[in-house]
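See structure below.
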Amino acid sequence: MKAKNEEYKNIPGWGMDADPENEPTYPMKNYTGDDHKRINYERSEQQPQTVEILMSKERPVITRVFGTSAPPSGLSGVIRRYAFQHSEDRYRHWVPLILADRINMFEGLIDDIKQGRLPNIIKERGLAMEWKYNRTNVIKKAVELAATGIILYALFKRKK
Amino acid sequence: MLAMNYRGPYRVRAEQRPMPEILHPEDAIVRVTRTCICGSDLHLYHGMVPDTRVGSTFGHEFTGIVEEVGPLVQKLKVGDQVLVPFNIACGKCNFCKQGLYGNCHESNPMATAVGGIFGYSHTAGGFNGGQAEYVRVPYADFGPTVIPPQMDPDDAVLLTDVVPTGYQAAEMGGIKEGDTVVVFGAGPVGIMAARCAWFFGPSRVIIIDHVDYRLEFARNYAHCEAYNFKEMADPVVFLKKATDWYGADVCIDCVGCEAEGNTLQTFSGRVALMQAGAATALQWAINSVKKGGIVSVVGVYGPPFNLVPFGNILNKGITVRANQSSVKRLLPRLIDHVMAGRLNPKGLITHRVPLEEISDAYRLFSSKLDNCIKTVLIPSAKH
Chain P
1 MKAKNEEYKN IPGWGMDADP ENEPTYPMKN YTGDDHKRIN YERSEQQPQT VEILMSKERP
61 VITRVFGTSA PPSGLSGVIR RYAFQHSEDR YRHWVPLILA DRINMFEGLI DDIKQGRLPN
121 IIKERGLAME WKYNRTNVIK KAVELAATGI ILYALFKRKK
Chain F
1 MLAMNYRGPY RVRAEQRPMP EILHPEDAIV RVTRTCICGS DLHLYHGMVP DTRVGSTFGH
61 EFTGIVEEVG PLVQKLKVGD QVLVPFNIAC GKCNFCKQGL YGNCHESNPM ATAVGGIFGY
121 SHTAGGFNGG QAEYVRVPYA DFGPTVIPPQ MDPDDAVLLT DVVPTGYQAA EMGGIKEGDT
181 VVVFGAGPVG IMAARCAWFF GPSRVIIIDH VDYRLEFARN YAHCEAYNFK EMADPVVFLK
241 KATDWYGADV CIDCVGCEAE GNTLQTFSGR VALMQAGAAT ALQWAINSVK KGGIVSVVGV
301 YGPPFNLVPF GNILNKGITV RANQSSVKRL LPRLIDHVMA GRLNPKGLIT HRVPLEEISD
361 AYRLFSSKLD NCIKTVLIPS AKH
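This is the structure in C-alpha cells:
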C-alpha cells in the first residue's frame, strides 16, 4: 500500500477549487465536515447481546442497537455463519445467504410439524384471493400443471 | 400478541407471538394502530432479499401509541400517538448528523451498505416489524414523531415511507422549472413521486407502467401523463420521441428489482438470480434521460449487483442520485403539505384489511388483484 502523503496540503493547487456549495448530494446532505472524524462520534449505550448476532466483516464493532428476531439455527444457521466470514463484497457472502433462506423454509415446515401443527399452505399463500379475483388464471395454471404432469408421467412410463 | 410470521417465499400467516421487550434504554414499545404493506415488502415476500429468515415479522410502515419507554427516553411519553419512520436512526453518528437518516451507522450490524429498517430482513438489521399488535422501536427519542392532533391517521401512516420516499425521489431529481420528468413505476411510491414532482416546477410529468388500472389511477391522482409500456414497441424510443428526440430532463426509477419489460433482465434477475433482480426500469431511465440529465433511484435493489448500461452514464454525463428516504428530515415539510391540503396521502389507500387476514392482503397486493394500490392493515378491532 502506498504511504499516505502527510504533506498533501502542500501539493500545488490543493483545495483551491473546492466549492462547499457544490455538494452533489444537496439538499439531501447537510454537509458538516464530520465525515473526516470517521467513526469517532458520540454513541448511545450498548444494547446487551442476548442472542447470536452475525456481524458484517466490514465493521469493527457491533452497532449500539440491533434486531434480535430469528437468531441463526440449524443447517441454515451453519450456512449463515459461513457467509458472514466473508465481506459484503463477496459472492461467498450473498449466495450462501440465499441458499440458507431456502433451506430455512424447509426447517420452518419441520418446526411446525414438530409443534404438532400442519401449516395451511393454501391459506398462507392467500390463494383464496386468487380464486376470488383471478379465477380464470387459477384454472389456467391448474390445467397447465395437470397437462405437464400427464406428459411427464407418459414419458416416464414409455421409457420404462 | 398477534403478529405476521414469514414462513418462506409467498407464505405468511398471522399468529400469536411473544410480546416485544425493552432491550435498550432508548427503546419504546409501541401499540400499532395502522400498518401498511409496502411495495418493497413484496421483495421480501417473493424471497428476493438475502438473509430473510423464517419467523421474521415484516412491516416498516406503521403508526401507534407509545405503551412503554426505556429509562433514557425523555422526549416521548406513554400515550403519545406517533408515526414511526421506516429507517432506524440514532441521530448521533456522522451520517445522521448530516441528515442522512437512512444511512445510520449504529442500527445495523449485519451490513454496512444499508442502515437499520424495521421488519426488512437481517440484511437490514434483523428487527421485527410493525405488522403486529406491538413493536419494539429503538432510538425512541429520535425517530418517532408525534402525530399532529388534527391529522387523519391514514395520512399519518403513509408519512412513514410512501410520501417521503416519493418526495425524495423528486427532490433528488433536481427538477428545474419547465423540466420534463419521467417516473418509471405506477405503484404507490411512483404515483407519489409523480405527484410530488410538481412541487419542483416541471412542465410535464410522465409515468410509465404496464398495469392499466394503476396508470388510470396515477393519471387522476398525480395529474400526470400515463403510458403503458406494453403498448410501445420500444419505451426508450417512445420517450425520446415524446421529448422532441432530446430525452427527459429527469428520470425517476420507482420500480426496483422486480421490473418487467425486458426478457434478458427478467430471466437473469428474477428467474436465474444471476443479478440482484431485474434492472429494467433503471436501464430505461439511463437510456431515456437527456445528456447531462439526472436519474433518481428509489426503487429497491438488493446485493450484490445489477446489469445496467454504465457506459451510457459516462458517455451521456448522467448524474445518478439514489438513497433510502431520509424520512425524519422531510417530515416537517411533508406534514405541512398534508395539513395544508396540498397532499392527500390517504387517497392512495384502496384496501383496509384486519391483521388476521394478512396472507390474503399480501396476495391481493402482490398479484395486483381487485385494483389494489395500497393496503392498510388494522391490527385490532379496538383501533
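Heads up: the protein sequence lines correspond to chains P and F, in order.
If you count by UniProt numbering, then the first sequence holds residues 1 to 160, one letter each, in order.
If you count by UniProt numbering, then the second sequence holds residues 1 to 383, one letter each, in order.
Glycine included, C-beta positions come from ideal geometry on N, C-alpha and C.
What you are looking at is a predicted structure, and each value in this text was computed from that prediction instead of being measured.
Going by DSSP, name the residue or residues bridged to residue i.
i, result
"residue 16 of chain F", "F:2"
"residue 316 of chain F", "Paired residues: none, contrary to the question."
"residue 83 of chain F", "F:63, F:145"
"residue 36 of chain F", "F:376"
"residue 322 of chain F", "F:297"
"residue 184 of chain F", "F:208, F:253"
"residue 289 of chain F", "F:248"
"residue 45 of chain P", "Residue 45 of chain P is not bridged to any residue."
"residue 228 of chain F", "F:209"
"residue 259 of chain F", "Note: residue 259 of chain F sits in no beta bridge, so no partner."
"residue 69 of chain F", "F:28"
Less than 8 angstroms between the C-beta atoms of residue i and residue j, yes or no?
i, j, result
"residue 276 of chain F", "residue 265 of chain F", "no"
"residue 345 of chain F", "residue 378 of chain F", "no"
"residue 141 of chain F", "residue 83 of chain F", "no"
"residue 161 of chain F", "residue 86 of chain F", "yes"
"residue 61 of chain P", "residue 138 of chain F", "no"
"residue 9 of chain F", "residue 94 of chain P", "no"
"residue 148 of chain F", "residue 29 of chain F", "no"
"residue 236 of chain F", "residue 205 of chain F", "no"
"residue 128 of chain P", "residue 80 of chain F", "no"
"residue 7 of chain F", "residue 133 of chain F", "no"
"residue 97 of chain P", "residue 51 of chain F", "yes"
"residue 68 of chain P", "residue 126 of chain F", "yes"
"residue 88 of chain F", "residue 117 of chain F", "yes"
"residue 306 of chain F", "residue 282 of chain F", "yes"
"residue 52 of chain P", "residue 111 of chain F", "no"
"residue 258 of chain F", "residue 43 of chain F", "yes"
"residue 151 of chain F", "residue 339 of chain F", "yes"
Helix, strand or coil for residue i? Go by DSSP, reduced to three states.
i, result
"residue 8 of chain P", "helix"
"residue 167 of chain F", "helix"
"residue 238 of chain F", "helix"
"residue 350 of chain F", "strand"
"residue 383 of chain F", "With a pLDDT of 45 at residue 383 of chain F, under the threshold of 50, the modelled position of this residue cannot be trusted, and the question is left open."
"residue 29 of chain F", "strand"
"residue 144 of chain P", "helix"
"residue 175 of chain F", "coil"
"residue 120 of chain P", "coil"
"residue 88 of chain P", "coil"
"residue 2 of chain P", "Confidence at residue 2 of chain P is low in this model, with a pLDDT of 49, below 50, so the placement of that residue should be treated as unreliable; the coordinate-derived value is given next. Three-state DSSP puts residue 2 of chain P in coil, outside helix and strand."
"residue 18 of chain P", "coil"
"residue 195 of chain F", "helix"
"residue 134 of chain F", "strand"
"residue 387 of chain F", "The structure shown does not extend to residue 387 of chain F, since chain F is modelled only from 1 to 383, so the question has no answer here."
"residue 189 of chain F", "helix"
"residue 38 of chain P", "coil"
"residue 53 of chain P", "coil"
"residue 161 of chain P", "Limits of chain P in this structure are 1 at one end and 160 at the other, which puts residue 161 of chain P out of reach."
"residue 117 of chain F", "strand"
"residue 11 of chain F", "strand"
"residue 278 of chain F", "strand"
"residue 96 of chain F", "helix"
"residue 49 of chain F", "coil"
"residue 107 of chain P", "helix"
"residue 28 of chain P", "coil"
"residue 22 of chain F", "coil"
"residue 139 of chain F", "coil"
Skipping 5 residues on each side, what residues in its chain have a beta carbon closer than 7 angstroms to that of residue i?
i, result
"residue 165 of chain P", "Because chain P in this structure spans residues 1 to 160, residue 165 of chain P falls outside the shown range and cannot be described."
"residue 362 of chain F", "12, 37, 45"
"residue 286 of chain F", "295, 308, 309, 312, 313, 318"
"residue 100 of chain F", "326"
"residue 54 of chain P", "72, 80, 81, 84"
"residue 8 of chain P", "14"
Can you pull the chain B neighbours of residue i, defined as C-beta to C-beta under 7 angstroms?
i, result
"residue 32 of chain P", "The structure shown contains no chain B; its protein chains are P and F."
Starting from the C-beta of residue i, find all residues in its chain whose C-beta is less than 8 angstroms away, skip the five residues before and the five after it, and write them out in chain order.
i, result
"residue 293 of chain F", "247, 248, 249, 250, 251, 316, 318, 319"
"residue 234 of chain F", "none"
"residue 1 of chain P", "Caution applies to residue 1 of chain P, whose pLDDT of 47 falls short of 50 and renders its modelled position unreliable; the model cannot decide the point."
Our contact map puts residue i next to residue j with C-beta atoms below 8 angstroms; I'd like the distance itself, whole angstroms only.
i, j, result
"residue 115 of chain F", "residue 103 of chain F", "5 angstroms"
"residue 97 of chain F", "residue 32 of chain P", "6 angstroms"
"residue 45 of chain P", "residue 25 of chain F", "6 angstroms"
"residue 47 of chain P", "residue 23 of chain F", "6 angstroms"
"residue 301 of chain F", "residue 256 of chain F", "6 angstroms"
"residue 47 of chain F", "residue 70 of chain P", "In fact, because the Cβ distance is near 15 angstroms, the residues do not count as touching under 8 angstroms."
Here's a check: name, in chain order, each residue in its chain whose Cβ is nearer than 6 angstroms to the Cβ of residue i, leaving out the five neighbours to either side.
i, result
"residue 165 of chain F", "189, 298, 325"
"residue 222 of chain F", "191, 194, 195"
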